[in-house]
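Just so we're aligned, residue 4 is where the sequence shown starts under the numbering used here, counting upward by one. The beta carbon of each residue, even a glycine, is placed where N, CA and C say it ideally should be. Keep in mind the model is a prediction, meaning the values are calculated, not measured.
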Amino acid sequence: MLSAQTWETLTTGTSYILFDISFPPGQNDVGYAGGMQTTYNAEGVVIKTSDGGDTWTEVLGGTGQDGIEAVCFISPTTGFVAGWNDYFAKTTDGGATWTTITVGSDNWYFKDIEFYDANNGVAAAITNSSGNVIYVTSDGGNTWTTATGINQGIQDVCYANATTLYLVGGDEKIAKSTDGGNTWSEIYSGNFQYVFMGVDFDGNFGIVGGEDGKIMSTIDGGSTWQTFATGYENFQGAHVFNADSAYMGGTDENIYKTTNSGGNWTIEDNGAGTSHIYKIKTTANNTIYACGSQGMIKRKSVPLTANFTSDEIVICAGSSVNFTDLSTGATSWNWTFEGGTPATSTDQNPTVTYSSEGTYDVSLEVSNGSTTNSVTVTDYITVVNGVGQPDTPSGTTLACAGLDLEYTTNPVANADSYVWEVTPAAAGSMSGSSTTGYFNSEATFSGDYTIKVQAVNACGNGVWSSELQCTLNPAPLEFYLSEGGDACEGGDGVEITLSGSETGVDYYLHYAGDTAAGPIAGTGDVLSFGFFTGDGYYSATAYNGYC
């Protein structure tokens, strides 16, 4: 989300139109801006700051210097400028010296330069005879090839990611490349003779600025667009801040912002009306710069806010935590780690080791050179020791196959959960992650089995407990009682039989809560309990000495 800091106008030392501005990645102090005296083939200038825009000095210019339209630096010392009369130059010493290089041929003037990283970049040019072209490099500008598929005027180019680029220009056309800029295809065409002048993307979220207050935005990589109209401004300075926020600047120094991916725009800075904004760029700490006519550069500093995160918050004693700075506006960092080694650090993203069990605070104080901001998170890191060995499980040691049984152990210090195991696996299965384990015995298994348990926490699995020795005895086979029937008064009654029996097993017949017959020894064949006259339901049980 964009902050509500105010914009300040900087003293640049030039009155030339500043068409482009570039702050190399990974830092906040060194930046370059370039332009020329008028809008058409005039004397050019490049200025440089080494203190985040507080002061600027000229590093290229003077009588005979071709006008500059594009500036792009890939490091604080290495960068490119380009402009009129086929002028394209490179410096590797921060602007102290410049070497002209050849990019393509038949170029009238260059309109834009963009690099995604130190190797991959594009340059847009207007030629003397063949219209507009895009040149592509993959070796840091040493060699360039000409892209295909360009059929429009070019005003601005941007990267969305390493392989996807967009360009805008005449007749409100938008083109897209998905192969690093080598081939292009038109994805949108608007009003004839109207011009789109600014474009910027971050992933699938992109914005386009045009004439008569027209701003277009997309959240699906250009498949669909929504339009917002502010009124009269011509918008050229487009910058996407993050996935939902963006800036657009143009006529009268007016700067608009969106915080809902282009759904609506509000004026962020109502300019003085004396300049036009051409480009908006940011630094590593998200300080924002806008450049324009009359040598204007405006700056919006982000609020200084301390914030951080880490890859772990619960660790085992002796392990390390990697901290990541999430602060805004910071140029220096002072960390304090209770219980950690080191106990303090000035690294932006330190790694800290914790040796002793406990919960520990983490503090971060950040500075921008003039003010400080700090944050302390109480009990942020929890350090635990490894877990000990659980006691031998308790529970039934002599059981009948097919039953569900519970086994327990006493709690282990520092344990987060428990793992239960039965051996052999053929005896059944274990479940449960607490001090109680649940054993589902296999009905067809008989013989010895063991139960054991181990404790688990962030340090890993502890030592298995001693094994509890147990035995599963086979349960008697299941047979069925005869279906019964009607008995005549004074008669012998109805014979109740069992469909089968096992030798070595005693059988019992039950009626009305009492034992009506038995024990009757199994014969291995159909078994008769005798004749009975009582009305109601009968049931039978079997006992083999164990089950």
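Per-residue DSSP class, three states only, for residue i
| i | result |
| --- | --- |
| E341 | coil |
| A566 | What the structure shows of the chain is the stretch from 4 to 550, and residue 566 is not part of that stretch, so it cannot be assessed. |
| I20 | strand |
| T544 | strand |
| D203 | strand |
| T254 | helix |
| T230 | strand |
| H242 | strand |
| F91 | strand |
| G97 | coil |
| Y292 | strand |
| K176 | coil |
| T221 | strand |
| F26 | coil |
| L13 | coil |
| A524 | strand |
| I300 | strand |
| C550 | coil |
| E214 | coil |
| T60 | strand |
| T334 | coil |
| N110 | strand |
| F118 | strand |
| M4 | Bear in mind that the predicted position of M4 carries a pLDDT of just 40, short of 50, making it too unreliable to give a figure here. |
| N154 | coil |
| D451 | strand |
| Y235 | coil |
Option in the options with minimal Cα separation from residue i
| i | options | result |
| --- | --- | --- |
| G539 | A490, L501, G389 and N135 | A490 |
| D512 | A428, E492 and S485 | In the sequence as presented, Asp is not what sits at residue 512; that position holds Leu. Taking only the C-alpha atoms, the option nearest L512 is S485. |
| G225 | T254, M251, G265 and N237 | G265 |
| D120 | T151, F113, A165 and I153 | A165 |
| N376 | G398, N257, F311 and Y549 | F311 |
| Y191 | K217, F208 and T227 | T227 |
| S18 | E46, D350, N31 and T100 | E46 |
| G209 | T261, Y197 and T42 | T261 |
| E505 | N145, S78, S436 and A478 | A478 |
| N413 | P427, T344 and G391 | G391 |
| D205 | E236, C161 and G213 | C161 |
| G216 | W187, D255, E409 and S296 | D255 |
| G537 | G548, D495 and A543 | D495 |
| Y549 | A402, G64 and N464 | A402 |
| N371 | T334, N352 and T151 | T334 |
| N464 | G143, S141 and P393 | P393 |
| T167 | T447, T186, P28 and G173 | T186 |
| T308 | W336, D272, G525 and N476 | W336 |
Residues near residue i in its chain [Cβ-Cβ closer than 6 Å; skip 5 each side]
| i | result |
| --- | --- |
| F532 | I499, L512 and A520 |
| C467 | The displayed chain sequence assigns Trp, not Cys, to residue 467. Taken in chain order, the residues that qualify are K455 and Q457. |
| I177 | V171, I190 and Y191 |
| S6 | For S6, the predicted model reports a pLDDT of 44, less than 50, meaning its position is unreliable and no value from the coordinates is stated. |
| A73 | D23, A85, F113, D115 and I116 |
| I104 | F91 and K93 |
| V106 | F91, A126, Y138 and W147 |
| V202 | D159, C161, Y169, V171, V211 and A241 |
| S469 | T395 |
| E315 | V324 |
Own chain residues within Cβ distance below 7 Å of residue i, not counting five before or after
| i | result |
| --- | --- |
| N154 | E189 |
| D109 | T130, N131, S132 and S133 |
| E11 | K301 and R302 |
| A275 | E256 |
Neighbour-count burial assignment, residue i, 16 or more Cβ in a 10 Å radius
| i | result |
| --- | --- |
| I20 | buried |
| L593 | Residue 593 is absent from the structure shown; the chain starts at 4 and stops at 550. |
| T286 | buried |
| Y546 | exposed |
| I270 | exposed |
| L367 | buried |
| N257 | buried |
| F534 | exposed |
| F195 | exposed |
| D69 | buried |
| E175 | buried |
| Q239 | buried |
| T41 | exposed |
Same chain only: Cβ atoms within 8 Å of residue i, ignoring 5 sequence neighbours per side
| i | result |
| --- | --- |
| V387 | V317, I318, C319, A320, E360, N417, N460, A461 and C462 |
| D1 | Missing from the structure shown is residue 1; the chain here goes from 4 to 550 and no further. |
| N207 | A163, T221, I222, D223 and G224 |
| G487 | V497, I499 and Y541 |
Scan the segment 305-330 and note each continuous beta strand (DSSP E) run of 3 residues or more that stays entirely inside, going in chain order. Listed in chain order, the beta strand (DSSP E) runs fully inside the segment 305-330 are 311-313, 317-319 and 323-328, counting runs of at least 3 residues.
Would you list, in sequence order, the uninterrupted beta strand (DSSP E) runs of no fewer than 3 residues that lie entirely inside the segment 456-519? 471-476, 497-501 and 509-514
Quick one: complete beta strand (DSSP E) runs, 3+ long, within the segment 336-417? 354-357, 361-370, 375-387, 401-403 and 407-411
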